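Data block below; observations after.
Numbering (the working numbering), first residue to last: 286 to 714.
Shown next as structure tokens:
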């Protein structure tokens with residue numbers, strides 16, 4: 286077997302001739318083990334020529350199901366299946382529902398997959414592709430069914446998965462992101478691999494100011510805050526998302542205190558190999574601290590309305606531009622998302638410098654960035670509550686619009702989270 290491709294029929298005949306019928310269950314149990322250990326692949330086609338497709342296990346959870354394509358039964362591709370070019374320039378089909386990967390090794394396989402976008406039987410496919418051997422069609426369909434890339438369709442020509450109440454609530458991109466950023470359904474390398482260490486220079490720990498500093502922010506008295514601040518229990522119990530504000534705008538002192546307590550750089554260590562390290566009030570994946578703070582200020586005593594970048598090292602703001610249609614869109618968008626009656630006094634946009642994380646981490650970089658967003662949301666909620674301000678995290682934002690507004694490369698730095706802040710409603714003061 287190590288020297289050649291072997292058909293199931295040939296294997297059956299060889300085992301029957303050598304050991305008898307009682308040996309078959311043991312043999313297939315061993316085949317199942319080899320598949321789960323990713324030592325075998327299952328090919329479509331015949332052993333006399335190159336395979337049309339190969340099903341390759343990519344997870345120890347792979348369970349070979351020796352299925353048969355039923356006459357008259359229609360089948361349809363899963364809406365979760367997709368094809369891509371992999372790192373070794375091979376076209377493969379994958380799915381977050383699958384524990385295997387299908388390697389497409391002939392154009393006929395792609396044609397069959399295309400036709401299975403609609404419900405088809407093996408017979409209708411043979412009629413649509415008269416130049417293709419019906420046995421080849423059946424063998425490709427068998428691999429698609431074994432790999433969970435397609436399923437039998439119902440009388441209304443929907444794939445069986447369409448009637449699954451759990452699956453129907455999953456969207457393609459959500460389930461794919463979940464399955465690929467966790468172990469269990471792939472054999473990708475994950476973790477802090479430093480795969481670009483000998484290839485690319487790391488991003489610096491601190492972003493160099495791209496704009497001149499406009500405003501030095503006030504620094505709070507931390508000793509006094511330590512004595513006067515409410516306790517953690519009180520703050521967590523009082524925390525709430527507030528979408529209405531008081532009659533007074535935020536002050537520059539409040540913004541200065543908020544940013545100092547949430548996002549300032551506490552210490553900085555130079556290191557050429559890694560780009561350096563910083564410590565800040567909140568935790569970050571691998572101390573990457575890839576997040577940049579941008580402020581769209583609409584109402585603040587002591588600060589001109591506009592779009593600003595926060596310098597965490599100097600605890601200062603750089604004015605990128607005054608209020609215009611572009612940054613007013615951020616305010617209007619935030620108001621629509623939260624359903625607020627009036628525009629927000631301040632919208633903080635969190636933008637990630639992606640390569641600060643992906644230079645070190647493989648397979649999990651973006652999920653770590655989103656976890657950092659969650660950590661920052663919690664930090665901002667607690668600090669805002671302790672300061673008696675009105676905080677509210679936003680569910681989503683427009684990353685393309687932000688990149689255009691900030692003049693950043695969408696693939697290098699763009700928005701991954703938004704957070705609204707204002708003065709506490711008068712009745713709560």
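Using N, Cα and C, we set each Cβ at its ideal position, and we do this for glycine too.
Since the structure is predicted, the reported quantities are computational estimates derived from the model, not experimental observations.
Practice prompt. Could you say which of 481, 465, 361 and 450 lies nearest to residue 715 if we only look at CA atoms?
Written response: There is simply no residue 715 to check, as the chain begins at 286 and stops at 714 in what is shown.
Discussion item. Using 8 Å for Cβ pairs, my map puts residue 618 next to residue 683. What's the rounded Cβ distance?
Written reply: 6 Å
Worksheet item: Is the beta carbon of residue 580 sitting closer than 8 Å to the one on residue 633?
Response: yes
Practice prompt. Tell me, to the nearest whole angstrom, how far the beta carbon of residue 437 is from that of residue 447; I am working on the premise that it is less than 8 Å.
Written response: With a Cβ gap of about 11 Å, residue 437 and residue 447 do not count as contacting.
Worksheet entry | Cut-off 7 Å between Cβ atoms - residues of its own chain near residue 460, not counting five sequence neighbours on either side | 365 and 381
Worksheet item: Three or more beta-carbon pairs under 8 Å between the stretch 516 to 528 and the stretch 606 to 617, yes or no?
Response: no
Practice prompt. Would you grab the beta carbon distance between residue 323 and residue 343 for me? Rounded to a whole angstrom, and I think it's under 8 Å.
Written response: 7 Å
Worksheet entry | In chain order, each beta strand (DSSP E) run of at least 3 residues that lies wholly inside the stretch 309 to 375 | 327 to 329, 338 to 342, 360 to 362 and 367 to 370
Practice prompt. Kindly list the residues whose CB is nearer than 7 Å to the CB of residue 393, restricted to its own chain and excluding five residues on each side of it in sequence; keep chain order.
Written response: 337, 417 and 421
Fill in: Given residue 359 as reference, the closest of 328, 410 and 375 once Cα atoms are compared
410
Fill in: Nearest to residue 441 (by Cα), restricted to the options 332, 403 and 569
For residue 441, the nearest C-alpha among the options comes from 403.
Discussion item. Please return the same chain residues whose Cβ sits closer than 7 Å to the Cβ of residue 479, not counting the five positions on each side in sequence.
Written reply: 645
Item to complete: Rounded to whole angstroms, what's the CA-CA distance from residue 286 to residue 316? Just pull it up for me.
Response: Below a pLDDT of 50, predicted positions are generally treated as unreliable, and residue 286, at 44, falls in that range; no measurement from the model is reported.
Worksheet item: Buried or exposed: where does residue 497 fall if 16 or more other Cβ atoms within 10 Å of its Cβ makes it buried?
Response: exposed
Fill in: Alpha-carbon spacing of residue 659 relative to residue 483, whole angstroms
About 32 Å.
Item to complete: List the endpoints of the continuous beta strand (DSSP E) containing residue 582.
Response: Where residue 582 is concerned, the enclosing beta strand (DSSP E) stretches over 576 to 582.
Worksheet item: So, residue 635 versus residue 702, is the Cβ gap smaller than 8 Å?
Response: Less than 8 Å divides the Cβ of residue 635 from the Cβ of residue 702.
Practice prompt. Can you tell me the Cβ-Cβ gap for residue 548 and residue 593, rounded? I've got them flagged as a contact below 8 Å.
Written response: 13 Å between Cβ atoms; not a contact.
Fill in: Residues bridged to residue 638 (per DSSP)
698
Worksheet item: When burial is assigned at 16 or more other CB atoms within 10 Å of the CB, is residue 573 buried or exposed?
Response: buried
Practice prompt. Apply the 10 Å Cβ neighbour rule to residue 375 and answer buried if 16 or more other Cβ atoms are within range, or exposed otherwise.
Written response: exposed
Discussion item. Could you tell me the alpha carbon to alpha carbon distance between residue 528 and residue 614, rounded to whole angstroms?
Written reply: Roughly 18 Å between the two C-alpha positions.
Worksheet item: Alpha carbon to alpha carbon, what distance is there between residue 339 and residue 419?
Response: 18 Å
Discussion item. Can you give me the C-alpha to C-alpha distance between residue 647 and residue 639, rounded to a whole angstrom?
Written reply: 12 Å
Worksheet item: Nearest-angstrom Cα distance between residue 452 and residue 524?
Response: C-alpha of residue 452 to C-alpha of residue 524: approximately 34 Å in a straight line.
Worksheet item: Thinking just about the alpha-carbon of each residue, which of 687, 367 and 515 is nearest to the one in residue 578?
Response: 687
Worksheet entry | Cα-Cα separation between residue 408 and residue 319, rounded to whole angstroms | 33 Å
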